[in-house]
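First up is the structure itself, then whatever we jot down about it.
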Amino acid sequence: MYDRLRLIRFPMPIVDAVRQAILTGWPRGIQLEQQRLGAHEFKLYGRPWLGQSVEAIPARILIMTVLSALYHHGWYLLTAADVSKKEQDKDSLFFRLGSPPSPTPFFAVSFNESDKLRLIGAPENLIEPVQQTIGRANIQREEWRDNGAAYQLKLRGNPWWGSGDEAITARVTLLALLDCFNSFGWELYASIDISGESGSDTDSWFFRQKTQ
């Protein structure tokens with residue numbers, strides 16, 4: 001299904017917090033809520049977990065908003081895992097409870113089609129370092145998307161479909177980007193497959209700012 005989010009064994013105050021996060025991060029809103037075998041299920045308008053076209057960026061913003069809400073209530077992501085053999089399935093997220101931390105912002109990076117990288121909700125001071133890390137000669141075109149919600153870089157070649165040398169180069173670039181973000185105080189919090197588009201989806205990365 002492309003429109004359901006289920007919370008399993010979360011207390012009701014956290015369900016309420018996630019509901020508010022959904023309403024904040026997904027403007028299309030909630031169509032229906034119900035209880036199913038101990039899970040609280042939200043049925044959303046639209047198809048966020050298809051994760052393509054006009055819903056691609058809003059879907060990442062939705063996940064980022066939910067992760068942030070849970071994090072700031074002391075629920076830390078333990079792992080993201082694909083626990084189903086069904087085709088076009090998405091990751092399930094497993095959390096552990098700890099003490100609520102100091103407030104910290106989040107942003108996301110998505111890898112779209114065969115050659116696009118998007119910075120979603122990222123501070124603008126990261127754009128130039130990302131350009132330098134990738135190498136301006138390796139960037140075909142850049143633009144803001146979704147009224148400034150995401151900054152998109154269209155790369156040369158097909159790095160997300162590459163094989164051989166191109167595949168190695170793409171992974172070297174990703175390692176360099178992780179180093180770049182880390183040097184600016186951002187650490188990778190989650191790598192999540194949120195799209196059900198078979199054969200063309202990759203994980204999206206979610207970063208949080210490191211606290212002192």
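Under the UniProt record's numbering, the first residue of the sequence shown carries the number 1, and numbering increases by one thereafter. Just so you know, even glycine gets a beta-carbon here, dropped at the ideal spot from N, CA and C.
Residue i: buried (16+ other C-beta within 10 angstroms of its C-beta) or exposed?
i, result
"residue 55", "buried"
"residue 45", "exposed"
"residue 53", "exposed"
"residue 168", "exposed"
"residue 84", "exposed"
"residue 49", "buried"
"residue 210", "exposed"
"residue 156", "exposed"
For residue i, name the three-state secondary structure that DSSP assigns.
i, result
"residue 99", "coil"
"residue 37", "coil"
"residue 8", "strand"
"residue 186", "strand"
"residue 149", "coil"
"residue 110", "strand"
"residue 122", "coil"
"residue 194", "coil"
"residue 213", "Residue 213 lies beyond the range of the chain shown here (1 to 212); nothing can be said about it."
Could you say which of the options lies nearest to residue i if we only look at CA atoms?
i, options, result
"residue 140", "93, 131, 8 and 13", "131"
"residue 203", "102, 104, 135 and 60", "60"
"residue 58", "110, 160 and 128", "110"
"residue 182", "206, 93, 163 and 63", "206"
"residue 76", "155, 98 and 194", "98"
"residue 37", "23, 19 and 9", "9"
"residue 74", "95, 143, 62 and 82", "95"
"residue 33", "24, 92, 187 and 18", "18"
"residue 189", "115, 162 and 93", "93"
"residue 192", "108, 31 and 24", "108"
"residue 35", "71, 161, 114 and 11", "11"
Cβ of residue i within 7 Å of Cβ of residue j?
i, j, result
"residue 42", "residue 208", "no"
"residue 159", "residue 170", "yes"
"residue 3", "residue 47", "yes"
"residue 21", "residue 69", "yes"
"residue 63", "residue 194", "yes"
Query raised in the report: Would you call the region 144-153 and the region 118-134 in contact, with 3 or more CB pairs under 8 Å?
Result: In short, these stretches touch, since the Cβ pair count reaches three.
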